[in-house]
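Working notes, structure below.
Number of protein chains: 4
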Amino acid sequence: MTVRFGLLGAGRIGKVHAKAISSNPTAQLVAVADAFEKAATDIAGQYGCDVRSIEQILSATDIDAVVICTPTDTHADLIEQFSRAGKAIFCEKPIDLDVERVKACLKVVDAEGATLMVGFNRRFDPHFMAVHDVIARGEIGTVEMVTIVSRDPGAPPVDYIKRSGGIFRDMTIHDFDMARFLLGEEIDSVTAQASVLVDPAIGAAGDYDSVSVMLSTASGKHATISNSRRATYGYDQRIEVHGSKGAVSAENQRPVSIEVANATGYTRPPLHDFFMTRYTDAYAREISTFVDAVESKSPASPSGLDGLIALALADAALKSVREGRAVKVSEVLGVLADKSVFQGR
Amino acid sequence: MTVRFGLLGAGRIGKVHAKAISSNPTAQLVAVADAFEKAATDIAGQYGCDVRSIEQILSATDIDAVVICTPTDTHADLIEQFSRAGKAIFCEKPIDLDVERVKACLKVVDAEGATLMVGFNRRFDPHFMAVHDVIARGEIGTVEMVTIVSRDPGAPPVDYIKRSGGIFRDMTIHDFDMARFLLGEEIDSVTAQASVLVDPAIGAAGDYDSVSVMLSTASGKHATISNSRRATYGYDQRIEVHGSKGAVSAENQRPVSIEVANATGYTRPPLHDFFMTRYTDAYAREISTFVDAVESKSPASPSGLDGLIALALADAALKSVREGRAVKVSEVLGVLADKSVFQGR
Amino acid sequence: MTVRFGLLGAGRIGKVHAKAISSNPTAQLVAVADAFEKAATDIAGQYGCDVRSIEQILSATDIDAVVICTPTDTHADLIEQFSRAGKAIFCEKPIDLDVERVKACLKVVDAEGATLMVGFNRRFDPHFMAVHDVIARGEIGTVEMVTIVSRDPGAPPVDYIKRSGGIFRDMTIHDFDMARFLLGEEIDSVTAQASVLVDPAIGAAGDYDSVSVMLSTASGKHATISNSRRATYGYDQRIEVHGSKGAVSAENQRPVSIEVANATGYTRPPLHDFFMTRYTDAYAREISTFVDAVESKSPASPSGLDGLIALALADAALKSVREGRAVKVSEVLGVLADKSVFQGR
Amino acid sequence: MTVRFGLLGAGRIGKVHAKAISSNPTAQLVAVADAFEKAATDIAGQYGCDVRSIEQILSATDIDAVVICTPTDTHADLIEQFSRAGKAIFCEKPIDLDVERVKACLKVVDAEGATLMVGFNRRFDPHFMAVHDVIARGEIGTVEMVTIVSRDPGAPPVDYIKRSGGIFRDMTIHDFDMARFLLGEEIDSVTAQASVLVDPAIGAAGDYDSVSVMLSTASGKHATISNSRRATYGYDQRIEVHGSKGAVSAENQRPVSIEVANATGYTRPPLHDFFMTRYTDAYAREISTFVDAVESKSPASPSGLDGLIALALADAALKSVREGRAVKVSEVLGVLADKSVFQGR
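See the structure below:
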């Protein structure tokens with residue numbers, strides 16, 4: 001069976017998914033929608049699919065699944081609409097910037113029995129997956145400490161930052177999800193510190209550009225996250241997990257791995273300078289995993305619940321910075337008595 | 001303009017090129033031919049092209065270029081036929097196992113003004129290209145010594161070895177081409193030693209499985225090559241160039257770059273175990289370069305002359321092993337008074 | 001001029017300093033004192049020096065300086081006595097486990113004009129010194145984030161842990177000093193989380209074995225510290241500093257740097273398994289720096305103030321764990337109106 | 001028992017051995033001799049030993065062993081004299097530049113039953129020893145190919161080159177010994193190529209500065225050696241051994257292992273720039289091994305025979321360059337019917 005796709009949003013990340021769908025032998029890109037028509041026709045021309053309105057995709061009988069790459073404030077509504085229309089849904093993170101809105105949305109997904117997968121692409125990076133596999137095979141024993149360093153080559157436009165929900169909800173959210181993915185236990189409390197070191201305009205917009213976070217689980221496992229919106233040496237993406245029997249780490253990736261030696265020393269080139277080239281393989285595997293879930297009618301992962309919790313961790317981090325104390329996740333998220341409600345299908 | 005391709009030979013390497021052509025936005029796979037019909041229909045089904053006979057491709061008006069992936073002993077004849085038919089030709093190495101036959105073939109190519117490119121895929125590996133670029137930018141000064149280590153994870157079947165022309169013509173030939181590519185000066189003499197350490201059956205077939213080669217140029221530059229048909233740790237492909245101002249090297253590549261640490265030490269996974277996964281990017285760039293040459297009607301590189309000289313170096317190496325002495329390339333190749341005759345378009 | 005030494009304490013660390021003094025061309029080990037006579041006579045025999053009582057060393061006219069390696073609870077008293085006796089003093093960390101006692105002691109040192117250096121040996125590790133030098137030369141711009149990972153191969157005996165003042169005062173104290181050394185700005189607040197993951201006996205003794213710490217400065221610079229009392233792969237000692245123009249890191253050290261490749265992968269041996277082999281060079285340079293300070297009658301560094309502040313940071317970390325909040329260093333240390341009083345000569 | 005030493009020659013390498021002897025707890029430096037009195041008195045002053053003439057050392061009853069660091073052309077005579085005087089002998093390589101002279105000398109050593117060890121210091125480098133240990137434990141199976149890269153930061157003075165016997169006898173000789181040490185089988189034939197790329201003055205002195213060598217054993221094992229008298233990036237000393245079950249390599253060493261990252265890339269400092277700092281540990285272990293042999297009256301290794309064979313390999317390499325062919329070692333060395341005659345005690 002081929003999964004037939006509608007793509008909602010033809011911007012930067014929409015193009016990434018259009019390419020991933022087109023390269024997937026069991027997926028087909030049927031239609032693309034975008035408020036900005038030129039963006040949609042470009043993708044349609046490149047991959048030979050229709051340009052349609054969101055409404056047309058909603059009612060289409062030749063479309064099984066949608067990929068939501070529209071602006072964040074439309075995600076929750078679209079998820080609800082497409083759940084009701086019986087389509088499988090892949091949605092870029094975050095589902096919404098408000099925890100309660102996410103909860104309400106996930107209840108609709110649950111009621112409709114829809115398949116929902118949230119776009120935490122890093123889980124599908126082959127190197128990070130290999131780290132996860134090493135842990136799963138028990139090679140490092142019990143996980144004790146996860147260390148994540150994640151730095152962007154440069155800050156996004158301040159205009160974007162204002163709409164992003166801030167660094168914790170926009171950038172650190174990936175690291176929160178990765179920490180959960182690797183710890184294998186829910187996070188209990190969050191402590192964070194944040195400052196503006198890169199660009200005062202970011203501070204003026206009410207956000208931070210340099211943050212450190214400590215997470216702890218009920219059993220006392222630790223995770224630390226270090227983020228910066230500046231790294232002259234490229235897109236710095238490292239993960240390390242220390243356990244009772246050993247440790248495992250994923251090294252940084254560079255497009256070209258050569259070394260030049262001279263009187264100055266031994267120099268290797270900078271890292272990837274962009275998340276799209278860094279995570280090319282991850283995006284392809286992510287869509288492939290979604291296609292498999294749709295085909296096999298099995299639950300998709302990362303789920304809506306994963307999206308909800310990562311957002312709650314971001315909110316807890318921000319609260320921690322503001323109040324100068326460790327914040328329990330339950331303070332922000334509440335107690336999820338029946339987690340299955342939030343998990344999607 | 002889109003370059004329309006006929007693929008001759010639908011075996012292992014034919015599939016690689018079919019994929020590269022299909023992924024290239026300015027190339028189109030129009031037809032495939034193979035004596036073994038199932039192989040051809042498989043590719044045709046996967047990429048939506050015709051199955052045709054070689055004769056049909058030769059006379060087709062909707063085909064601009066061919067990729068020759070048929071058995072080695074058909075290469076020279078096909079090159080001549082397609083040159084006369086006015087098609088651009090990409091041919092897997094080697095053109096032929098006989099230097100004189102190659103020369104005769106290249107004279108036809110020259111007379112017809114055909115475009116011919118020979119498949120030394122490693123020139124297009126991004127890491128080796130970067131090494132070449134570093135040299136070209138003068139960063140290591142004058143090249144003095146090229147060191148190539150190239151080891152296969154395992155030996156091919158003895159049956160293949162018998163038809164291959166031996167390790168120098170089949171395996172080392174890539175390293176001869178790479179040495180020339182990086183030295184920037186023609187090789188003057190070849191000294192080689194060879195033995196059978198991996199499998200006596202290889203020796204029984206009249207070939208070697210472990211070889212070392214030293215090359216020197218007229219100005220006294222050195223290159224050394226180390227080959228083995230066995231490497232438990234994967235497909236070992238390293239290049240290092242030492243010059244007057246510094247050195248540059250390309251590191252080995254592995255599919256996953258993680259590191260596991262425990263009481264045994266720090267372990268990174270083995271290398272790629274297959275040339276196709278190792279050189280995925282190289283094959284794509286290779287076809288892209290050929291497409292560019294066809295489109296721009298500019299000479300293709302590596303040329304027929306590059307194929308001829310690499311073969312002559314292989315012959316010289318074998319002669320050196322047998323006679324226990326340094327062999328001048330001119331002994332094997334003769335003196336090429338007018339090189340342009342052999343270079344193709 | 002040769003600096004003539006008395007060594008107080010002939011235990012494990014005393015032996016390290018005895019060797020460093022003996023190897024130093026401008027130092028001479030004159031006498032050693034230890035309550036356990038066998039330990040003292042062993043060192044005396046090996047290096048050809050006297051065994052004397054602490055009182056004899058205090059009144060000796062042939063001794064210029066002492067190295068204090070006795071139990072922690074004797075340090076402050078000995079520093080005061082030898083200050084009054086006009087000897088230069090090198091004291092192992094910590095000066096005392098009580099901030100107020102340290103302050104009182106340093107006031108005596110100041111009043112007597114004594115030279116006092118505190119044993120933060122890691123500042124003298126050639127690799128960490130090189131990191132500091134890179135920062136000092138401005139190569140990475142303004143320091144923004146210091147990341148320290150420091151893990152011991154195994155936990156000390158619980159008996160030791162009870163007397164040690166806890167992991168923050170015993171182990172993390174080195175990292176607090178290193179963070180200050182590299183940040184180039186005083187630390188303003190400390191947040192820590194701690195748990196018992198390695199050995200319940202450590203928890204039963206009232207201590208932790210796994211801790212994470214975040215530090216921030218007034219200008220918003222960050223440092224994070226990750227400590228564990230267990231690392232199967234050896235003595236894990238890494239430092240990384242991220243700045244506005246780049247980053248610098250010191251790699252882990254291993255006694256033998258070879259790599260074995262096979263079907264399992266590429267394996268390098270474990271790290272040093274002991275702080276003494278890891279920091280051999282650091283101990284030699286540390287004593288050499290002290291000798292230089294004594295000879296040139298210039299202030300010694302790290303000073304008594306450095307010892308005081310590192311202890312205060314440890315206290316603040318413990319307070320943060322207990323109270324679940326960010327703790328200002330000033331809460332623990334008070335405000336040091338006249339820092340010179342605590343700095344020693 | 002303490003081994004009491006006389007040091008013959010107080011030059012650069014003499015100083016290295018003086019330090020190694022003085023640091024060795026079971027060795028004592030009793031006397032030093034040098035034609036240049038200032039050099040001898042400097043060492044005597046530093047280590048508290050006598051200055052004596054060679055004749056005085058020869059007849060001394062308080063000296064058990066000598067270290068010969070005088071000019072090469074005196075080595076064989078001194079070995080013979082001290083053999084007859086009943087002293088154990090450590091001699092810097094080479095024993096002599098003439099194979100027949102070496103043979104004659106070793107016959108005297110054998111007749112006198114003297115202990116003779118030859119200074120191939122690299123066998124005692126901890127990293128190369130570890131490579132040897134990995135092979136000895138069978139971890140890489142049967143050794144098939146040894147690859148040695150050995151490059152000096154810069155060329156020695158031409159005046160030295162003239163007296164040195166040429167690059168093969170002066171520099172490559174270390175690599176010949178290492179190849180034998182790691183191959184575990186005697187070398188049967190030598191092929192070499194050599195050129196002058198670094199400095200024409202070296203060519204004018206009749207020597208080469210850039211050489212490549214291939215060695216083979218009777219069973220078909222390979223070794224390759226690459227030497228240059230120039231390396232802008234430091235003292236390049238790498239060894240790699242490929243076997244039937246895997247490979248092992250020793251990495252280059254640098255005094256400081258940090259890495260600086262910025263927009264240019266990731267840069268580690270250059271290598272050691274001098275053989276003395278690179279091989280500090282090796283020199284200490286070398287003397288320690290000699291002391292052990294003298295104390296235990298067991299045969300010393302590397303032996304006189306090791307010195308003889310390495311020299312013969314150098315001669316064979318030179319002959320190969322001149323005659324453009326593979327040279328059998330037996331052509332140069334003859335057949336050693338009774339190897340024990342040349343091995344020393």
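Protein chains in written order, with the UniProt record's numbering: chain A, 1 to 345; chain B, 1 to 345; chain C, 1 to 345; chain D, 1 to 345. By construction, the Cβ of each residue, glycine as well, lies at the ideal position given by its N, Cα and C atoms. Bear in mind that the values here come from a model prediction, so they are computed numbers and not experimental data.
Across the set 110(C), 188(C), 199(C), the C-alpha of 199(C) shows the shortest separation from the C-alpha of residue 154(C). Given a length threshold of 3 residues, each whole run of the beta strand (DSSP E) inside the segment 63-120 of chain D is given here in chain order: 65-68, 88-92, 116-119.
In the DSSP annotation of this structure, the continuous segment of the beta strand (DSSP E) that includes residue 144(A) starts and ends at 143-151. Distance from the CA of residue 276(A) to the CA of residue 16(A), rounded to the nearest whole angstrom, comes to 8 Å. Beta-bridge partners of residue 253(D) (DSSP): none assigned.
Residue 172(A) counts as buried, since no fewer than 16 other beta carbons sit within 10 angstroms of its beta carbon. Residue range 304-323 is occupied by the alpha helix (DSSP H) that includes residue 315(B). A distance below 6 Å between beta-carbons, with the five flanking residues on each side excluded, links residue 213(C) to the following residues of its chain, in chain order: 192, 225, 317. The beta carbon of residue 13(A) sits closer than 7 Å to the beta carbons of 69, 92 from its chain, once the five residues preceding and following it are set aside; these are given in chain order. Of the residues assessed, residue 44(D) falls on the buried side of the cut-off, its CB having 16 or more other CB atoms within 10 angstroms.
Per the DSSP secondary-structure output, residue 327(C) pairs in a beta bridge with 190(C).
Per DSSP, residue 36(C) lies in no alpha helix (DSSP H) segment and is marked neither H nor E. With fewer than three CB-CB distances shorter than 8 Å, the segment 289-299 of chain A does not count as touching the segment 28-45 of chain A.
Residues of chain A whose Cβ lies closer than 9 Å to the Cβ of residue 269(D) are, in chain order, 264, 265, 266.
For chain B, the residues of the segment 244-262 of chain A that bring a beta carbon within less than 8 Å of one of its beta carbons are 245, 246, 247, 248, 249, 250, 251, 253, 255, 256, 257, 258, 259, 260, 261, 262, in chain order.
In the structure shown, residue 124(A) adopts helical secondary structure according to DSSP, grouped into three states. Within the same chain, and ignoring the five residues on either side of residue 107(D) in sequence, the residues whose Cβ sits closer than 8 Å to its Cβ are 341, 342. Taking 9 Å as the Cβ-Cβ cut-off, the UniProt domain "GFO/IDH/MocA-like oxidoreductase" (128-248) of chain D approaches chain A at 231, 232, 233, 234, 236, given in chain order. Within the same chain, Cβ atoms closer than 8 Å to the Cβ of residue 256(A) are found at 269, the five residues on either side in sequence being excluded. Within a 10 Å sphere around the beta-carbon of residue 263(D) sit fewer than 16 other beta-carbons, which makes this residue exposed. Shortest Cα-Cα distance from residue 115(B) to any of 228(B), 296(B), 311(B) involves 296(B). Exposed is the label assigned to residue 38(B), since fewer than 16 other Cβ atoms lie within 10 Å of its Cβ.
Neighbourhood of residue 126(D) in chain C, by CB distance below 8 Å: 255, 256, in chain order. Your pair residue 227(C) and residue 301(C) does not check out as a contact, with CB atoms roughly 25 Å apart and the cut at 8 Å. Annotated as distal: residue 205(B) and residue 245(B), with beta-carbon spacing of 8 Å or more. Measuring C-alpha to C-alpha distances from residue 57(D) to each of 6(D), 41(D), 76(D), 19(D) identifies 6(D) as the nearest. Collapsing the DSSP output to three states places residue 242(B) in a strand. For the segment 300-334 of chain C, the set of positions with a beta-carbon nearer than 7 Å to some beta-carbon of chain A reads 324, 325, 326 in chain order. Residue pairing from DSSP places residue 268(A) in a beta bridge opposite 266(D). Taking the C-beta atoms as reference points, residue 320(B) is found nearer than 8 Å to residue 326(B).
Annotated three-state conformation of residue 237(A) is strand, per DSSP. Annotation: residue 132(B) to residue 237(B) spans about 15 Å, alpha carbon to alpha carbon. Taking 8 Å as the cut-off, the Cβ atoms of residue 211(D) and residue 274(D) do not count as close. A direct Cα-Cα distance of roughly 12 Å separates residue 299(C) from residue 89(C).
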